[in-house]
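Notes to accompany the following structure.
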Amino acid sequence: MGWYGELLVGFDLETTGTDPGEARIVSAAVVEAVRGVPTRRREWLADPGVPVPPETTAIHGITDERATTHGRPAAEVADEVADALAAHWTRGVPVVAYNATFDLTLLAAELRRHGLAPMGERLGGGEEGPVIDPYAMDRTVDPFREGKRTLEAVCVEYGVVLGRAHDAAEDALAAVRLAVAIAERYGDVASAGAWDLHRGQTDWHAERAEGYRHWLARQSRDPASASVPAPEAAAEPVPKRGYGPDGAVA
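Take the sequence shown: its position 205, counted from the start at 1, is 206 in my numbering, and no numbers get skipped.
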């Protein structure tokens with residue numbers, strides 16, 4: 002059995018907003034699991050240092066009062082989360098996150114904001130990863146399926162039970178279970194190495210971002226300010242392809 006039958010680490014952040022460069026961590030979770038069965042979990046509640054907007058509270062349920070009263074300093078949380086991920090990567094354990102680009106970009110921004118060591122330094126100059134992103138995998142293997150690509154919707158597609166959506170620990174565990182379910186459905190995903198998937202996803206995200214910028218340009222909007230869209234955002238589909246042995250999307 003390949004990577005999907007071994008230890009995987011689910012990772013998720015709940016935040017103050019949707020811009021990964023500006024939003025702050027409100028809660029975080031790192032969940033260890035084997036074939037979707039959790040073996041250990043770590044959770045954090047952070048005081049983000051800025052107000053938690055009511056519209057984000059409506060999504061994840063964490064009020065500004067709760068974060069301020071019970072949350073730990075954001076710098077401590079970001080530092081511990083980064084150390085946890087780095088420890089797993091150092092041992093070669095893949096980290097699984099749904100729409101991983103958002104969470105990892107936001108974490109990197111928090112580390113810079115608080116003057117903390119970046120992930121590369123924690124890895125001794127090594128490469129950050131492998132990262133397994135079920136959102137990117139699903140978009141690649143089944144790009145023309147109609148409907149939303151939110152975590153909730155994709156869990157339904159693959160028969161994955163999601164506990165309380167937008168709870169960091171539940172979302173992290175669901176991401177792991179999705180990765181396993183996608184591998185069990187698609188042989189080319191199952192047979193690829195974790196680093197092959199990681200690099201294929203990197204290429205896919207770059208292509209998707211470029212396609213999104215072209216779409217914005219056709220809508221007479223400013224493509225220079227565009228970032229990778231959220232899972233439910235409009236974008237052109239990526240042609241159906243699989244993961245090649247060299248890590249590129251083939």
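The beta-carbon is built from N, C-alpha and C at its ideal position, and this holds for glycine as well. Source: prediction; values computed, not measured.
Bridge partners of GLY37 according to DSSP: none are assigned. Here the stretch 114–133 makes no contact with the stretch 154–163; the two share fewer than three CB pairs at distances below 8 Å. Taking 8 Å as the cut-off, the Cβ atoms of VAL177 and VAL94 do not count as close.
If only complete runs of 4 or more residues are kept, the stretch 82–167 shows the alpha helix (DSSP H) at 101–114, 120–123, 135–142, 152–159, in order along the chain. Note that the C-beta distance between LEU198 and ASP172 is not below 8 Å. By the C-beta criterion, the stretch 129–143 is judged not to be in contact with the stretch 40–55, since fewer than 3 inter-stretch pairs fall below 8 Å. By the criterion of at least three beta-carbon pairs nearer than 8 Å, the stretch 68–88 is not in contact with the stretch 180–188. The beta carbon of ASP13 sits closer than 6 Å to those of ALA30, ALA169, ASP172, ALA173, all from its chain and outside the five residues before and after it, given in chain order. Residues of the same chain with a CB within less than 8 Å of the CB of HIS115, apart from the 5 flanking positions on each side, are ALA75, ALA76, ALA79, ASP80 in chain order. Distance from the CA of ASP104 to the CA of ALA87, rounded to the nearest whole angstrom, comes to 15 Å.
With 16 or more other Cβ atoms inside 10 Å of its own Cβ, GLY201 counts as buried.
When only Cα atoms are considered, ILE63 and VAL27 end up about 8 Å apart.
Residue nearest to GLU33 within the set GLU23, ASP20, HIS89 is HIS89 (criterion: CA-CA distance).
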